[in-house]
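In UniProt numbering, the protein residues as written are 1 to 67.
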Amino acid sequence: MAARKSYLLRLDPRTLEALRRWAADDLRSLNGQIEFLLQRCLREAGRHGREPPAPPPEDPREERADD
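Right, here's the structure in full:
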């Protein structure tokens, strides 16, 4: 299982209460609801599950310079 990171999130009281109600309606914890919504937004934006860019291929000519 991947390690989970903690992050402090400050919300205005109305937003927090709306999220609490929504979480209760969906039978989720507040944290679970926030994580669910963030993951859904990332998927919809095409940013969920992006792999970091691969490093550029090494130039084989550089290896021969040592020979």
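Even for Gly, the Cβ is constructed at its ideal location relative to N, Cα and C.
D26 and P56 have their alpha carbons spaced roughly 45 Å apart. Straight across, the Cα-Cα distance linking D59 with G49 is about 29 Å. Less than 8 Å separates the beta-carbon of Q33 from that of L19. Remark: C-beta atoms of R28 and F36 approach each other more closely than 8 Å.
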